[in-house]
Each structure stands twice: as structure tokens, then as C-alpha cells.
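Structure, as C-alpha cells:
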Amino acid sequence: SLNTSKQTLAKTTKKIVLRLECVEPNCRSKRMLAIKRCKHFELGGDKKRKGQVIQF
744 SLNTSKQTLA KTTKKIVLRL ECVEPNCRSK RMLAIKRCKH FELGGDKKRK GQVIQF
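Under the working numbering, the first residue of the sequence shown is numbered 744, with each subsequent residue one higher.
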């Protein structure tokens, strides 16, 4: 079984958090934007599908 190790993971999914920072020099505000928990996370995706840049 998989539970032979002492440390067992409670959650298999990660909560992805984006750190956004404004690029304008007079603004420079930062904010965190959390995405819901998901097992599969990919940025960019594969290059075959055009138009779809970011896929979660």
C-alpha cells in the first residue's frame, strides 16, 4: 500500500496563486490572484491549438 511512509499527503491538488504586478512605473501595485484547486495545471498549453494561450 501507499501509506507505508510516515508522512501522508492530505491534498493531492495544489492551489495555484498568481502574483500579479503592475508594470506601470507610477503604479507598481501587486496583487495575488488565486485559482481554484486542480490536479492538472498547464501554462501555454501545446502549440498546435492556436488562439488558446493560457489553459488551466
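For glycine and all other residues, C-beta sits at the position ideal for the given N, C-alpha and C.
From a predicted model like this one, the values you see are computed outputs, not experimental measurements.
Rounded to whole angstroms, the gap between the alpha carbons of C781 and T756 is 6 Å. Boundaries of the beta strand (DSSP E) harbouring R774: 773–777, taken from the DSSP string. Residue pairing for R762: DSSP places it in a beta bridge opposite M775.
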